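Trainee: Take a look at the following structure, please.
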Amino acid sequence: MASYADVLQYLSSLDYPAEKDDVVREAEREGAPPDVLKALRALPPVDYANGTEVARSAGIEAAPEVGPAQRAEQARDKKHNRVSQHLRGI
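Counting with this note's numbering, you get residues 144 to 233 for the letters of the sequence shown.
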């Protein structure tokens with residue numbers, strides 16, 4: 144499966160906004176592997192503003208190395224530093 148970093152790597156020299164065909168052509172020109180090309184060929188035919196938009200449209204998460212269980216654990220362990228100062232002593 145294509146990763147977020149892979150997609151951005153093979154589209155690093157692409158000028159945006161870019162159409163789907165431009166995105167696929169650039170990835171082919173840069174020598175992207177078959178899994179990246181497959182993901183890009185499945186994109187909807189719209190204009191893309193940047194590489195992040197391309198990756199999101201392809202269904203690729205920005206941080207796939209962190210799974211849902213890890214995100215939940217991080218949320219539980221996170222201290223609530225955003226509580227107003229006057230409420231911290233309560």
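Glycine included, every Cβ here is placed at the ideal spot set by N, Cα and C.
The model shown is predicted, which means the values in this text are computed figures rather than measured ones.
Is Gly194 buried or exposed, if buried means 16 or more other CB atoms sit within 10 Å of its CB?
Mentor: Label assigned to Gly194: buried.
Trainee: Considering only the beta carbon of each residue, do Val150 and Ala170 sit closer than 9 Å?
Mentor: yes
Trainee: Pop quiz: Ala185 and Ala201 are said to be a contact at Cβ under 8 Å. What is the actual Cβ separation, rounded to whole angstroms?
Mentor: 7 Å
Trainee: Between Tyr147 and Glu216, what straight-line distance do the alpha-carbon atoms span, to the nearest angstrom?
Mentor: 23 Å
Trainee: Ignoring anything shorter than 4 residues or poking outside the stretch 154 to 187, list the alpha helix (DSSP H) runs there in chain order.
Mentor: 163 to 172, 177 to 184
Trainee: Can Leu183 and Ala175 be called in contact, C-beta distance under 9 Å?
Mentor: yes
Trainee: Where does the unbroken alpha helix (DSSP H) through Glu204 begin, and where does it stop?
Mentor: No alpha helix (DSSP H) contains Glu204, which DSSP labels as neither H nor E.
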